[in-house]
Structures are given as structure tokens and as C-alpha cells.
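There are 2 protein chains.
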Amino acid sequence: MKPNVYAADCPTRRILDRVGDKWAVLILLLLREEPMRFNQLRRTIEGISQKMLSQVLKSLERDGLIKRRAIATVPVTVEYSITQLGVTLAGAVDPLRDWAEQNLKDVLAAQRRYDSQQKEEAA
Amino acid sequence: MKPNVYAADCPTRRILDRVGDKWAVLILLLLREEPMRFNQLRRTIEGISQKMLSQVLKSLERDGLIKRRAIATVPVTVEYSITQLGVTLAGAVDPLRDWAEQNLKDVLAAQRRYDSQQKEEAA
DNA sequence: GATATCTAGTTTCTATTAGTTACCAAAGAA
DNA sequence: TTCTTTGGTAACTAATAGAAACTAGATATC
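Right, dumping it as C-alpha cells:
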């Protein structure tokens, strides 16, 4: 009864797409360390815009992976924290991050090989 | 000496982006099962266009994750197969796929909760 | 002989999405 | 008075994903 991950309508693929999100995983890993506020996240993640951050936080909350808590201070404080479900997903992402760190050199070397061969063929 | 995954120029993030690619992981998992030809892949992966398939195959080859082998038949046959490096990456993706399969129900439930609450607030 | 088929792509164009910039309200500080 | 802070939103633009048509070269069909 294995779901067919290659079919267009496979619900598992919807989740893989979600995880594939450029910023989502980064945010999840950060919030696993400690709860954080909106602008704190923005400053930590280089290159993310307010709009994207707001958007991704909303979708992560919708998926039940993080929690949003607004505190009535002035100006208002909004704290984001990871949920139990989010922690398990972050755990599943760890092997991937480890792989990236261990194999980065090999990938870069492969890219250089490929690029120099392409240049050769063009000449 | 931990790389800062949250910095814009972190090379590890380049790889996470790569893995985050919608089709790349799907193709990698397929080729781990058995080598496949271009149109065979296209038919198996529902919803992928020829352009995207061609593009993703090229970038996977560039990263040294798959191999391309053209056989001089008529019409020409091109076989794609996974490399050793690709196998290790696919292995790191497995926990993610397992997580998706196990927790899909919870995610969908969270989405329904969120959506109905939004509708309530709008009313 | 003209047309259709297979292969593995590329080209062109459009729709969607990602990202940038400017702006909002409310309150405190300079 | 203007500037800064909070956590966003609205409008706009750049980048990318995807749809559809086209390519080549040889073989099969009408």
C-alpha cells in the first residue's frame, strides 16, 4: 500500500513540496533552537524579505509546524515557537543538512568538472 | 567551526536549495531504483514537462548526482543512472519521505483547523 | 515520394511565484 | 518634531515554472 510519490495528486508530494520551500526549513531549524520574534528571525536569516518571512511563517503555522503568540505590549510582541510536530520534521531534515555539510566539496568539484567539460565542447 | 546555514552566502544552503527542488528529489529516488531513459522518466513522473525534466537532469548531472550515457542507436538512446554520491543523498532524503507519509494526516488536520479559524475571524 | 513515428531534447511564450520597495499604526526617545 | 521600534500589508517588478510548438535524423507506413 505504498503511495505513489511520482503521481501528480499524491498527498505526500504536497508535503515534500512544502519541505522543499527555500526558507521554511531554515525557519524551522532556527525555531527548534529557541522561540523567536518576527524581526529577530528577519535579522538572523540573511536575505529574507519581510513579505516572504510573513508568508512562510503563516504557512508553517497553517501546517501546524509552528505556533504564533501575540503579546499585547507596545509595540506588539509576536513570538513564534516550534510545535511537537515541527520538532519531528526538523529531525527528519537533520540527515539532509549533515549530508550537505559532508558532501559539499564533492558537489562543488563535480560542478567544476562539468563546467570545464562544457566549455571544452563549445570550443 | 559550524557553518552558518542562515547566512546568505553559506554554501551549505546552496545544496539545501538544490534538494528543495520540486522535481530533483523525485528523479533521484526513481533513478536509485533503476537506470531510466528520458521519456521513461517523463511518463513516470506525472506533470513534469520536457523542458523541466531536461533542465533538472542537467543540473543533477552537473552536481555529480546522476550520470548521462548516450547510446548510438536509432533513434538515439539516453540512459540516466544514479551515482554513488547520488545514492548517499537519496539515503538522506528517506527520513523526510517517511516523515511525510507518517504525518500527512496531522498536517492536513492542522490545515483544516487553521482555515476554519480564519473563516471564523473573517465573519 | 510524401507523410507519420520514434527518440531526446530546445525554443518561445505566458502564467505564476518570488522578491523589492514603500507604506501603515501606535508609542517612546532624541 | 522627527526618528525609531514593533509586525506586518499593498503594490509593483524580476525571475522562474510550465505549456505548446518546434527541431533533427532515421525508419516505417500509405
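Protein sequences appear in the order of chains A and B. 45 is the number that my numbering gives to position 55 of the first sequence; each next residue is one higher, with no gaps. 97 is the number that my numbering gives to position 107 of the second sequence; each next residue is one higher, with no gaps. We put the CB at the ideal spot given by N, CA and C, even for glycine.
Quiz item: Between Glu51 of chain B and Pro1 of chain B, what straight-line distance do the alpha-carbon atoms span, to the nearest angstrom?
Solution: CA-to-CA, the gap between Glu51 of chain B and Pro1 of chain B works out to about 19 Å.
Exercise. Kindly identify the DSSP beta-bridge partner or partners of Lys57 of chain B.
Key: In DSSP, Lys57 of chain B forms a bridge with B:Ser71.
Quiz item: How about Leu21 of chain A: is its C-beta nearer than 8 Å to some C-beta of chain B?
Solution: no
Quiz item: Rounded to a whole number of angstroms, what is the C-alpha to C-alpha distance between Glu24 of chain B and Ser71 of chain B?
Solution: 7 Å
Quiz prompt | Inter-stretch contact (C-beta, 8 Å, three-pair minimum) for the segment 11 to 24 of chain B and the segment 37 to 49 of chain B | solution = yes
Self-check item: Status (buried if at least 16 other CB within 10 Å, exposed otherwise) for Ala99 of chain B
Solution: exposed
Quiz item: At a cut of 8 Å, does the segment 78 to 93 of chain A reach the segment 72 to 90 of chain B through at least three beta carbon pairs?
Solution: yes
Practice problem: Would you list the residues sitting across from Met26 of chain B in a DSSP beta bridge? | Solution: B:Tyr70
Quiz item: Taking C-beta to C-beta, are Ile17 of chain B and Leu31 of chain B nearer than 8 Å?
Solution: yes
Quiz item: Which chain B residues sit within Cβ distance under 8 Å of Glu51 of chain A?
Solution: Neighbours of Glu51 of chain A on chain B, chain order: Tyr104.
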